[in-house]
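With this note's numbering applied, the sequence shown covers 1275 to 1596. Glycine included, every Cβ here is placed at the ideal spot set by N, Cα and C. A quick note: this is a predicted structure, and the numbers were derived from the prediction, not measured.
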Amino acid sequence: MYTADSMILKFPQLHNVNINVDKLASQIYQPISTDKLRQTMIQIANSIHVAKVDEFAKLACTCVAIDEGKTQQFHNLDFSLTNPLQSKRPYPVESIQMNGGTSEDYIHSLTQGFNRIFIRDVKISSVVCDGNKAQLKCFQKGWNQSFYNSNDPRLFKILFIPCLCHRIHNCYQYMTTKDVALGAIVKHIHEISALCRIHVEDIGALCPKHVSTRWIYDYNICMFIIKYQDKISRYTRIDIENIKFLRDCLAILKKLISTFESDKTKISDCYVWLCKGIEALQYLSSSNNNPFAGILSRSLLNYTLGSDFGGLWCLAFAFTPK
């Protein structure tokens, strides 16, 4: 091993120098205390954070994506900065604790988050939220506490954009409760999923479990059932034809969600993607006699281009030349 002693022996000019090797080694290899290490890591993390936020402060406009997270112990609003036009990766900038789910709670937490972002001179032009009623109220003129009735020009100029991923997932979830046939096949695959998880050793693979908050996760369940249908049929009846019909519809919705999840997707492209998705479902209904495609096509239209926000995606497309 290369040591201070070997270094002195290697270089003759050091032979006559009075060097305390033990003292030199203790200075170079002095153990770092836990507090010192923690302080150093915090300083490094803070410098990186400031540098990242400063990148967005230099831009003319920034979109803030807001995601609500809830566990048994915590209920937070997470704020991320993004700008696809500048090829900026989303950066998680703040996390604000929620005290409840009312509009008053949202306006309080949103204001806290925005103010912390404004301190860094980031210019917020728009926000993307899941768009539940309490959130939406914060961006409507009909409520006197709304941002759109604020005296702060930084707040009332913010454009609210509903998250398309949530809208697409909700259009499917809604129809499972309104259409009897769709609701029945969805219940069928959930029951098969639970059964497969009991017989996981016999099947040789773990079936995905239904999670209502995971976007279009039923697609994964359908794919599993189709792949292992021979083994699963030993334990229960499988309506494989309707499961395949459902799989085809969910594949389209899943493609839309994966597209809109990407930080490279521009709002000007959303109109085209939505039109393609609606038309694809209509094609499945008319050409393949898919019993679920028609109702999901209409639901997708109602939740997106046919909604109160439909003009937003149309306008973004119209204002963006190709």
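Cβ neighbours of residue i in the same chain (closer than 7 Å, five flanking residues each side left out)
| i | result |
| --- | --- |
| cysteine 1412 | Ser1377, Tyr1380, Ile1381, Leu1384, Ser1420, Phe1421 |
| isoleucine 1495 | Ile1463, Ser1467, Cys1481, Pro1482, His1484 |
| leucine 1530 | Ile1442, Trp1547, Gly1551 |
| threonine 1450 | Leu1456, Gly1457, Val1460 |
| cysteine 1335 | Lys1397, Ser1399 |
| glutamate 1535 | Cys1439 |
| isoleucine 1499 | Ile1463, Ile1466, Ile1506, Ile1512, Ile1517 |
Selected residue, minimal CA-CA separation from residue i, among the options
| i | options | result |
| --- | --- | --- |
| valine 1396 | Val1474, Ile1500, Gly1387 | Gly1387 |
| leucine 1579 | Leu1351, Trp1547, Ala1331 | Trp1547 |
| leucine 1355 | Lys1415, Gly1374, Ser1400, Phe1348 | Ser1400 |
| leucine 1456 | Lys1518, Ser1424, Val1324 | Lys1518 |
| isoleucine 1370 | Asn1418, Ile1391, Lys1332 | Ile1391 |
| proline 1436 | Lys1452, Phe1591, Tyr1577 | Tyr1577 |
| isoleucine 1340 | Gln1414, Gln1503, Val1367, Asn1373 | Val1367 |
| arginine 1488 | Cys1439, Lys1362, Cys1549, Leu1433 | Cys1439 |
| lysine 1326 | Lys1362, Leu1586, Phe1434, Ser1532 | Lys1362 |
| aspartate 1426 | Ile1442, His1443, Ile1398, Thr1450 | Ile1398 |
| serine 1571 | Ile1500, Ala1525, Asn1389 | Ala1525 |
| alanine 1272 | Ile1569, His1323, Met1372 | This structure gives no information on residue 1272, because the portion of the chain shown stretches from 1275 to 1596. |
| lysine 1452 | Thr1308, Phe1566, Gly1585, Lys1415 | Phe1566 |
| lysine 1332 | Asp1352, Gln1360, Gln1317 | Gln1360 |
| histidine 1473 | Tyr1509, Ser1486, Asn1320 | Tyr1509 |
| asparagine 1389 | Gly1374, Lys1528, Asp1328, Leu1429 | Leu1429 |
| glutamate 1586 | Tyr1545, Cys1549, Leu1575 | A small correction: the amino acid at residue 1586 is leucine; glutamate does not occupy that position in the sequence shown. The option with the nearest alpha carbon to leucine 1586 is Tyr1545. |
| leucine 1520 | Thr1533, Asn1320, Gly1568 | Gly1568 |
Residues near residue i by beta carbon distance below 6 Å, same chain, minus five either side
| i | result |
| --- | --- |
| lysine 1540 | Pro1358 |
| phenylalanine 1593 | none |
| alanine 1590 | Ile1541, Ser1542 |
| glycine 1584 | none |
| tyrosine 1502 | Ile1477 |
| tryptophan 1417 | Lys1411 |
Whole-Å CB distance - residue i paired with residue j, under 8 Å assumed
| i | j | result |
| --- | --- | --- |
| aspartate 1522 | asparagine 1564 | 6 Å |
| isoleucine 1477 | isoleucine 1506 | 7 Å |
| cysteine 1337 | valine 1402 | 6 Å |
| valine 1460 | aspartate 1492 | 6 Å |
| asparagine 1423 | lysine 1415 | 6 Å |
| isoleucine 1490 | lysine 1431 | Not really, about 34 Å apart at Cβ, beyond 8 Å. |
| glutamate 1342 | aspartate 1404 | 7 Å |
Neighbourhood of residue i by C-beta, 8 Å cutoff - its chain only, sequence neighbours within 5 removed
| i | result |
| --- | --- |
| serine 1486 | Gln1447 |
Original post:
Is there contact here, the segment 1495–1514 with the segment 1551–1565, by at least three beta-carbon pairs under 8 Å?
Top reply: no
**OP:** Determine, using beta-carbon pairs with one atom in the segment 1303–1315 and one in the segment 1342–1350, whether at least three such pairs fall under 8 Å.
**Re:** no
**OP:** With a floor of 3 residues, list each beta strand (DSSP E) that falls wholly inside the segment 1354–1421, ordered by position along the chain.
**Re:** 1362–1371, 1398–1403
**OP:** Quick one: which unbroken alpha helix (DSSP H) runs of 4-plus residues sit fully inside the segment 1451–1533? Chain order, please.
**Re:** 1454–1472, 1474–1477, 1492–1501, 1503–1506
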